Amino acid sequence: MSVVDASRRDSPAFGIRGVVEGFYGTPWTHADRLEMIRFIGARGMNRFVYSPKDDPFLRRDWAQPYGPEALADLAELVSAGTAVGVDLIYCLSPGLSIRYSDEADAERVLDKLASVAALGITHFGLLVDDVPGRLQHDADIARYASLAEAQATLANLVFQGLRARVPGASLIVCPTDYWGYGDEPYIAELGQTLDAGIALFWTGRAICSATLDAADAGVFTRATGHPPTYWDNYPVNDVAMGHELHVGPYRGRSADLARNAEGVIANAMERFESSKIAIATIADYLASPAEYDAEKSWDAALRDVAGRDADAYRDFADNSRSSCLSQLDAPEVTFALEEHTFGLLIGDTDRAVRILGPLADRLAASARRLLDGPVENARLIAESRPWIEAFAVGAEAMQVMARLTADGLLETDGPRVLRPFLDDLRARRVRIFGDVLDMTLDGLCRTHDLPHPQPQPLTEEPLLTQKEQQ
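Here the working numbering is used: position 37 in the sequence shown is 37, and no number is missing along the way.
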């Protein structure tokens, strides 16, 4: 299940280690949430953050009470978490409509949180992310000097009320400006005005940060007075990232990050089974950052999630690494295509196809296995199918490229034969093989698509000079 020693899981580096259902899109089912809680609990994580963006009871209709069925579902999540050492963090997102200056609205927030506290929930979140970065109600504008002051005042009231109603209650706030260097005026004012017992979410230098390190966490801590709890937007692939499938390993997080951070909560994808691959590697990192080996952890995660199809799925996933965390999109294919191009340039046909041909055949066979089945984790393949189908097209394109090269027909027949593959890949609008295959196919096709000078017909009559024509 994991490459991290069991003793490390008993004394993990980070105090807070979890997953947030915080994406835009169709929320997970109740059964999904129960399974994810068991999945992360088995891997040493200890928080499940309930915050689906498109749940109206959390955001648009945040003040509306739950019915009995919804409360029963939440109670079951709490019970499932207790069984495996995972606490539920229930988050409310009232920022689109709340009147910060209205004590009645603050009381509505408390009432909503208290209604779920009765189920055994003691950890809560107040999220004001993805809302306008200014005060909008006239009464709020008249009362507060800044958005940060208004939000901190609300959070402090809610925290005090929770402590009075729920023994041991905790509160974490996600700010409106939740990324940057960590010492910007808004986040500094918010943090310095918040009660010292309230925690703060932060995503790092970007919404989806390529790196997280202890130095940046230290800047945030000194500016706000609160060590960050990272809301890490990986493997989530919503909104502008929808063309990417984030099934690569966790990378870019420093081995000493825990020195200045409370913990990490990873934002998952709407694609539930696919999310498990990255999440398993995140669990390994959070248990022991100093010992974390991304590739070894990834291999173990693929075996856990894909089962007997892990080798075939790895062939696919190795070419779907594109994300803010990945510096190289398709390492093996990139090397093979570089060798192919170099072999062509130096006139060595054998070198051009020596690696590309066998690799393309292997990838094509893996694509057929995943698409034609039967497979062990059918839901994983169904979620990945648009990318796997594009992967199959690309593998076939490389097979054809290798055969044309071996037969000496790449220059003459390549543009005509390879153009349909390029057009097909582009029409699918999913990212696979990074840019390397697209660029290679485009180069082979576009160069020969340029118009060529038409030869002049031969004539037996002497050409007249310009002077003679006059």
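No residue lacks a Cβ here, since even glycine has one placed at the ideal position from N, Cα and C.
Treat the numbers as computed from the prediction; the structure is a model and nothing was measured.
**Report entry** Sequence ranges, alpha helix (DSSP H) only - wholly within the segment 252-334, length at least 4
**Finding:** Given a length threshold of 4 residues, each whole run of the alpha helix (DSSP H) inside the segment 252-334 is given here in chain order: 272-287, 294-306, 310-317.
Query raised in the report: How many angstroms separate the CA atom of E460 from the CA atom of A392?
Result: In the sequence shown, residue 460 corresponds to position 460, counting from 1. In the sequence shown, residue 392 corresponds to position 392, counting from 1. Since pLDDT at E460 reaches only 40, below the 50 mark, its modelled position is unreliable, and the value read off the structure follows with that caveat. Their backbone Cα atoms lie some 56 Å apart in a straight line.
Query raised in the report: Using a C-beta cutoff of 8 Å, does L363 count as contacting chain C?
Result: Absent from the structure: chain C. Only one protein chain is present.
Query raised in the report: Where G443 and R33 are concerned, what is the direct C-alpha to C-alpha distance, given to the nearest angstrom?
Result: In the sequence shown, counting from the first residue as 1, residue 443 sits at position 443. In the sequence shown, counting from the first residue as 1, residue 33 sits at position 33. Roughly 46 Å between the two C-alpha positions.
Query raised in the report: In whole angstroms, what separates the C-alpha of E332 from that of S320?
Result: Here residue 332 refers to the residue found at position 332 of the sequence shown. Here residue 320 refers to the residue found at position 320 of the sequence shown. Here the C-alpha atom of E332 lies approximately 12 Å from the C-alpha atom of S320.
Query raised in the report: Taking Cβ to Cβ, would you say M45 is nearer than 8 Å to V78?
Result: Counting from 1 along the sequence shown, the entry for residue 45 is found at position 45. Counting from 1 along the sequence shown, the entry for residue 78 is found at position 78. No. Outside cutoff.
Query raised in the report: Taking three-plus beta-carbon pairs below 8 Å as touching, is the segment 243-253 in contact with the segment 348-360?
Result: No contact exists between the segment 243-253 and the segment 348-360.
Query raised in the report: Do H226 and L257 come within 8 Å of each other at the CB atom, strictly closer than that value?
Result: By 1-based counting over the sequence shown, the position of residue 257 is 257. By 1-based counting over the sequence shown, the position of residue 226 is 226. Judged by their CB atoms, L257 and H226 are not nearer to each other than the 8 Å cut-off.
Query raised in the report: From S146 to G197, what distance separates their C-alpha atoms?
Result: Translated into the one-based positions of the sequence shown, residue 146 becomes position 146. Translated into the one-based positions of the sequence shown, residue 197 becomes position 197. G197 has its alpha-carbon roughly 22 Å from the corresponding atom of S146.
**Report entry** Stretch pair the segment 39-56 + the segment 80-98: three plus CB contacts closer than 8 Å
**Finding:** Short answer: they touch.
Query raised in the report: Cβ of A395 within 8 Å of Cβ of A367?
Result: Here residue 395 corresponds to residue number 395 of the sequence shown, with the count starting at 1. Here residue 367 corresponds to residue number 367 of the sequence shown, with the count starting at 1. In contact: A395 and A367 (Cβ atoms closer than 8 Å).
Report task. Can you give me the Cβ contacts of A310 inside the same chain, cut-off strictly under 6 Å, excluding the 5 residues immediately before and after it? Result -> Position 310 of the sequence shown, counted from the first residue, corresponds to residue 310. Same-chain partners within the cutoff: L302, R303.
Query raised in the report: Just curious, the alpha helix (DSSP H) that W474 is in, first and last residue?
Result: Residue 474 lies beyond the range of the chain shown here (1 to 470); nothing can be said about it.
Query raised in the report: Taking one C-beta from the segment 432-440 and one from the segment 323-343 each time, how about it: are there three or more such pairs within less than 8 Å?
Result: By the Cβ rule, the segment 432-440 counts as touching the segment 323-343, because three or more pairs are nearer than 8 Å.
Report task. Confirm, please, whether the CB-CB distance from Y230 to A261 is below 8 Å. Result -> The residue given as residue 261 occupies position 261 in the sequence shown. The residue given as residue 230 occupies position 230 in the sequence shown. In this structure, Y230 lies closer than 8 Å to A261 by Cβ.
Requested in this report: Determine the contact status of V247 and S274, defining contact as a CB-CB distance below 8 Å.
Outcome: Counting from 1 along the sequence shown, the entry for residue 247 is found at position 247. Counting from 1 along the sequence shown, the entry for residue 274 is found at position 274. At the C-beta level, V247 and S274 come within 8 Å of one another.
Query raised in the report: What's the C-alpha gap between A471 and D284?
Result: Here the chain comprises residues numbered 1 to 470, so residue 471 is not present and cannot be evaluated.
Requested in this report: Using three-state DSSP, classify E103 as helix, strand or coil.
Outcome: Mapped onto the sequence shown, residue 103 falls at position 103. The DSSP-derived three-state label of E103 is helix.
Query - Given D140 as reference, the closest of D129, Q399, T153 once Cα atoms are compared - result: Numbered from its first residue, the sequence shown carries residue 140 at position 140. Comparing Cα positions, the closest option is T153.
Query - Nonlocal neighbours in the same chain, by C-beta distance under 7 Å from L245, ignoring five residues either side - result: Your numbering for residue 245 matches position 245 in the sequence shown. Closer than 7 Å at Cβ, skipping near neighbours: N237, S274, S320, S384, W387.
Query raised in the report: When DSSP builds the beta bridges, which residues end up paired with W28?
Result: Translated into the one-based positions of the sequence shown, residue 28 becomes position 28. DSSP, once it has assigned bridges, lists no residue as partnering W28.
Query - Beta-carbon separation (whole angstroms), P52 vs E21, contact threshold 8 Å - result: In the sequence shown, residue 52 corresponds to position 52, counting from 1. In the sequence shown, residue 21 corresponds to position 21, counting from 1. Yes, P52 and E21 are in contact; Cβ-Cβ is about 5 Å, under 8 Å.
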